[in-house]
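Enquirer:
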Amino acid sequence: MIVAVGAVTLFSGLGDERLRLQAQQAVSTLAGEDFNAEIGRVGISFAGLKLIGLSVENARLTASADGREVMQIGSARFGLRLLPLLRGQIELSSARLADARINPAAIRVEGGGQQLPVFDDKGLLDTDAALAQLFGGARRLIGLFDREDIDGIELSDIQIALGDDDNALLLVRSASLEGDAHGALALAGELEFRDRVSTVEGQAALDADGQTIKTLAVQLTSPLPDGGEATAKLSGSESAAGERLDIDGRVAALTIPFGQDGSFIADVDVAASMARGTAKVEIERLDIASGRSFWRFNGAVGPNPASTHPTYRFELVSDGSAVAPEGSPEPALPVVARLAGLWDPEARRLSVDEMGVRSSQGEVEGRAAAIFERGKSPGLEMALDVRDMPVGQVKQLWPWFAAGGARNWVLSNIYGGHVETGRLDLTTPPGRIGNGVPFGAREVSGSFSIRGTRFDVAGRIPPVRDGVGAVSFRGSDVDISLASGTVFMAGGRTVNASNGELTVREAHVTPVIGKLRIDVEGDAGSVLQLASYDPINVGRFIDLKPADLSGSVKGTVIADIPLQRSIPVESLDWRVDLDYENLSLAEPFDGQTITAANGNITVDPSKAVIDAQARMNGSPATLKLVEPLGAKPHRACAQHRTQDGRCRPRGHRAGPRRLAVGRDRGRTRRRIV
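The opening residue of the sequence shown carries number 1 in the numbering used here; numbering runs sequentially from there.
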């Protein structure tokens, strides 16, 4: 109490004006020589014997060059050393700033510009200047503690305006700087940006010469919105060759949402460095791991001197990456890659003008760009070309967010062979990705010509092998064409397939049903076996087996192909239109022997229509038959039905005859000529 009263007496003796001048000098000392301090009310504060100090309210800093306001300070407190104070001297021991706002845009540098002194006259990052500012700032802070005998500086609720709106505010929730007279400095703090809180820790120390930064280390840790975490570590030192800064960063579970198309989730590790005289940021390692895929790059980024406006150029190469996207049944694909392009900070556009990915058996080339707008998902532009590459490798390199319906069908239904030529185009504006609306025909499209592949059509239909065809898509519409191929079935039977088309419209709308049209040709037994699979399954209507038929058949199959398991087969439409030559039945049909038949059969879910010239029981005959299907109608007996309705055996009669069979309201009518 006696000491406190004595301190008050001493403060009174110093006078208000001297206290004001001393407080103003203290603020100016912390700010530096490029700024002027203006302070409001000055008072005395007590918080124990060791916490006697000056309190300042409503202070402001202005730039010495033009008087623009750089910082507003709500309150500041400067701790004073007690013994010097008892001798009538004012010596600072600590400083505490609170409720302040800093406006970096008001800081003008030499030449009248508003760029910070880490940028050149074009507004591009000058790595030498950035290194000088970083190490020079650490040196000034260490010198501040050494020169002024200040033990620590505390900050709380300091806003730093990084833009014109409140979303661009960086809040220093709390921070502390501690130093000593031996050239050591320690930093710890808590930052907040867009509702995300980060922690920062750092240390710096001078060499024995008192001028060179021997060690500089800063670590920043920040949570990500979707549960991941980002960590950045900076470490550096000064030497006779100049400054060097090493940067190690890691982002765990980085999540980029793509709306209904899912999210891209990856772990990212980067090791980079800046050294005086290089004029670039060297990227020693950039690792991106997502699921089974792993990309490893190295390269550099730096100012682009050839550009008429400020841009940065970059180049990344990889010789040890593996691509294996989620949902792909293919093994991981080892690749080498090269990416080169520009970053335009004014247009907020990242352009990859040279993009190449090469495997042991082919290469994908193209270009891409990303356009960024605040508060929106990035816009994307992409054009990829592929030539003479295995289908399995192209499947691995197809971007999962581009034409998801077509990509999923290809992943699940095409195997083996080579893509002779292919192209994929994607164009979306900022905010388009992830808005829940599928890409339209003008936004995404592509086509691939394929040879020697296996097409799995759908369901239980056997695959078409040795296929030659193409896959094309526009938006969510997919067209698969088959020029030629062979269907291999159980027992070794085969059917030649050609001129096939499978169309899928609005693949994003359930139920997803494709429309198949395909020409088939083969022996009669093989074609019958092919028709026995869903969704046609003629075995529901006739008792014939493939071994019961001989002869040759060709024609067209049209069918709805379900691309989802939950679709009932009975609800699907189909039609089979076949021409046959020299068709014979191994077993009598309704007691009649049928051989050497030439004609046509057309079958759909409601009926079968047969029109043929054949030999019946060895005699020429014209057959016309309409057989209702679906409700298990009574099979007509192969006998002449008299007018009284009784069935009588029809004996063998030489010479040609004509048999017409139909059904009328459940009654069978036959006429033999």
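All C-beta atoms in this analysis are idealised placements derived from N, C-alpha and C, irrespective of residue type, glycine included.
Taking DSSP as the reference, what is the three-state secondary structure of W409?
Expert: Locating residue 409 in the sequence shown gives position 409, counting from the first residue. Helix, per DSSP.
Enquirer: Any idea if S571 is buried or exposed, counting beta-carbon neighbours within 10 angstroms, 16 or more meaning buried?
Expert: As a position in the sequence shown, residue 571 is number 571, starting the count at 1. Counting Cβ neighbours within 10 Å, S571 comes out exposed, since fewer than 16 surround it.
Enquirer: Leaving aside the five residues before and after N36 along the sequence, list all residues of the same chain whose C-beta is less than 6 Å from its C-beta, in chain order.
Expert: Position 36 of the sequence shown holds residue 36. So the list reads T62 and S64, once near-sequence residues are dropped.
Enquirer: Let me confirm a value: D425 is counted as buried when at least 16 other C-beta atoms fall within 10 Å, else exposed. Which label applies?
Expert: The residue given as residue 425 occupies position 425 in the sequence shown. D425 comes out buried.
Enquirer: Within 10 angstroms of the Cβ of P334, are there 16 or more other Cβ atoms? Answer buried if so, exposed if not.
Expert: Numbered from 1 along the sequence shown, position 334 holds the residue referred to as residue 334. With fewer than 16 other Cβ atoms within 10 Å, it is exposed.
Enquirer: Is the beta carbon of P223 sitting closer than 9 Å to the one on R250?
Expert: Counted from its first residue, the sequence shown places residue 223 at position 223. Counted from its first residue, the sequence shown places residue 250 at position 250. Not a contact, by the Cβ cut-off of 9 Å.
Enquirer: Between the region 300 to 308 and the region 318 to 332, can you find at least three pairs of beta-carbon atoms closer than 8 Å?
Expert: The region 318 to 332 vs the region 300 to 308: no contact.
Enquirer: G525 lies in the alpha helix (DSSP H); which residues open and close that run?
Expert: Here residue 525 refers to the residue found at position 525 when the sequence shown is read from its first residue. Element bounds for G525: A524 to A531.
Enquirer: Can you list, in chain order, the residues of its chain with a C-beta nearer than 6 Å to that of F11? Leave out the 5 residues immediately preceding and following it.
Expert: As a first step, residue 11 is located in the sequence shown; it is residue number 11 there, counting from the start. The predicted position of F11 is uncertain, since its pLDDT is 46 and thus under 50; no value can be drawn from it.
Enquirer: Please give me, in chain order, every unbroken run of the beta strand (DSSP E) with length at least 3 that falls completely inside the region 512 to 595.
Expert: Qualifying beta strand (DSSP E) stretches, in chain order: 513 to 523, 549 to 562 and 574 to 585.
Enquirer: Just the Cα atoms here: how many angstroms apart are A654 and L530?
Expert: Your numbering for residue 654 matches position 654 in the sequence shown. Your numbering for residue 530 matches position 530 in the sequence shown. Residue placement at A654 is poorly supported in this model, since its pLDDT is 42, which falls under 50; the coordinates are not used for a value here.
Enquirer: I need the straight-line Cα distance from A184 to W343, nearest angstrom please.
Expert: Here residue 184 refers to the residue found at position 184 when the sequence shown is read from its first residue. Here residue 343 refers to the residue found at position 343 when the sequence shown is read from its first residue. If you take the alpha carbons of A184 and W343, they lie about 38 Å apart.
Enquirer: From D99 to E154, what distance separates their C-alpha atoms?
Expert: Taking the sequence shown and counting its residues from 1, the one referred to as residue 99 is at position 99. Taking the sequence shown and counting its residues from 1, the one referred to as residue 154 is at position 154. Computed Cα separation, rounded: 12 Å.
Enquirer: Restricting to runs no shorter than 3 residues, where is the beta strand (DSSP E) found entirely within the region 336 to 380?
Expert: The region 336 to 380 contains these whole beta strand (DSSP E) runs: 349 to 358 and 363 to 371.
Enquirer: So, using beta-carbon positions, are I160 and P104 closer together than 9 Å?
Expert: Counting from 1 along the sequence shown, the entry for residue 160 is found at position 160. Counting from 1 along the sequence shown, the entry for residue 104 is found at position 104. Yes, Cβ-Cβ distance for I160 and P104 is below 9 Å.
Enquirer: I need the DSSP call for R276, collapsed to helix, strand or coil.
Expert: In the sequence shown, counting from the first residue as 1, residue 276 sits at position 276. Note: R276 maps to coil in three-state DSSP.
Enquirer: Using the three-state DSSP reduction, which class does D120 fall into: helix, strand or coil?
Expert: Translated into positions along the sequence shown, residue 120 becomes position 120. DSSP places D120 in coil when its eight states are reduced to three.
Enquirer: Extract the residue ranges of the beta strand (DSSP E) inside the region 191 to 262, only unbroken runs of 3 or more that lie entirely within it.
Expert: Taking only runs of at least 3 residues, the beta strand (DSSP E) segments lying wholly in the region 191 to 262 are 196 to 206, 213 to 223, 229 to 239 and 242 to 257.
Enquirer: I believe N598 touches N582 by the beta-carbon criterion, under 8 Å. Please report the beta-carbon distance rounded to the nearest angstrom.
Expert: Along the sequence shown, read from residue 1 onward, the residue named residue 598 stands at position 598. Along the sequence shown, read from residue 1 onward, the residue named residue 582 stands at position 582. The Cβ separation is near 7 Å, so the contact holds.
Enquirer: Sort Q219, A547, G417 and R101 by Cα distance to V70 and report the nearest one.
Expert: The count along the sequence shown starts at 1 and reaches residue 70 at position 70. Cα-wise, what sits closest to V70 is R101.
Enquirer: So what's G618 in DSSP terms, helix, strand or just coil?
Expert: Along the sequence shown, read from residue 1 onward, the residue named residue 618 stands at position 618. It is coil, neither helix nor strand.
Enquirer: Could you tell me whether the Cβ atoms of F314 and G302 are closer together than 9 Å?
Expert: As a first step, residue 314 must be located in the sequence shown, where it is residue number 314. As a first step, residue 302 must be located in the sequence shown, where it is residue number 302. Result yes, Cβ atoms of F314 and G302 sit closer than 9 Å.
Enquirer: Between V471 and V520, is the Cβ-Cβ spacing less than 9 Å?
Expert: Against the sequence shown, residue 471 aligns to sequence position 471. Against the sequence shown, residue 520 aligns to sequence position 520. No, they are not a contact pair.
Enquirer: Rounded to a whole number of angstroms, what is the C-alpha to C-alpha distance between T453 and D120?
Expert: For the purposes of this step, residue 453 is taken as residue 453 along the sequence shown, with counting starting at 1. For the purposes of this step, residue 120 is taken as residue 120 along the sequence shown, with counting starting at 1. Rounded to whole angstroms, T453 to D120 spans 56 Å at the Cα level.
Enquirer: Name the DSSP bridge partner or partners of W295?
Expert: Within the sequence shown, the letter at position 295 stands for residue 295. I288, per the DSSP bridge assignment.
Enquirer: Is it buried or exposed for A204, if we count other Cβ within 10 angstroms and need 16 for buried?
Expert: Within the sequence shown, residue 204 is the residue found at index 204, counting from 1. Buried, because 16 or more other Cβ atoms sit within 10 Å of the Cβ of A204.
Enquirer: For A138, which residues in the same chain have their Cβ closer than 8 Å to its Cβ, ignoring the five residues on either side in sequence?
Expert: Reading the sequence shown from its first residue, position 138 is the one you call residue 138. So the list reads L185, A204, I213 and L216, once near-sequence residues are dropped.
Enquirer: Can you tell me whether S93 is helix, strand or coil according to DSSP?
Expert: In the sequence shown, counting from the first residue as 1, residue 93 sits at position 93. S93: strand per DSSP, three-state reduction.
Enquirer: With distances taken between CB atoms, is the gap from A275 to E243 smaller than 9 Å?
Expert: Residue mapping note: residue 275 aligns to position 275 of the sequence shown, counting from 1. Residue mapping note: residue 243 aligns to position 243 of the sequence shown, counting from 1. In contact: A275 and E243 (Cβ atoms closer than 9 Å).
Enquirer: Nearest to A241 by alpha carbon, out of S532, L563, A132 and D543?
Expert: Locating residue 241 in the sequence shown gives position 241, counting from the first residue. Among S532, L563, A132 and D543, the Cα nearest to that of A241 belongs to A132.
Enquirer: Just the C-alpha distance for E420 and R387, rounded to the nearest angstrom, thanks.
Expert: On the sequence shown, residue 420 is found 420 positions in, with the first residue counted as 1. On the sequence shown, residue 387 is found 387 positions in, with the first residue counted as 1. When rounded, the distance between both Cα atoms is 5 Å.
Enquirer: Is T510 buried or exposed, if buried means 16 or more other CB atoms sit within 10 Å of its CB?
Expert: What you label residue 510 is simply residue 510 of the sequence shown in a count that begins at 1. Exposed: under 16 other Cβ atoms inside 10 Å.
Enquirer: Tell me L333's beta-bridge partners as DSSP assigns them.
Expert: Numbered from 1 along the sequence shown, position 333 holds the residue referred to as residue 333. Partner(s): V323.
Enquirer: I need the straight-line Cα distance from A337 to G366, nearest angstrom please.
Expert: The residue you call residue 337 lines up with position 337 of the sequence shown. The residue you call residue 366 lines up with position 366 of the sequence shown. Near 12 Å, if we compare the C-alpha coordinates of G366 and A337.
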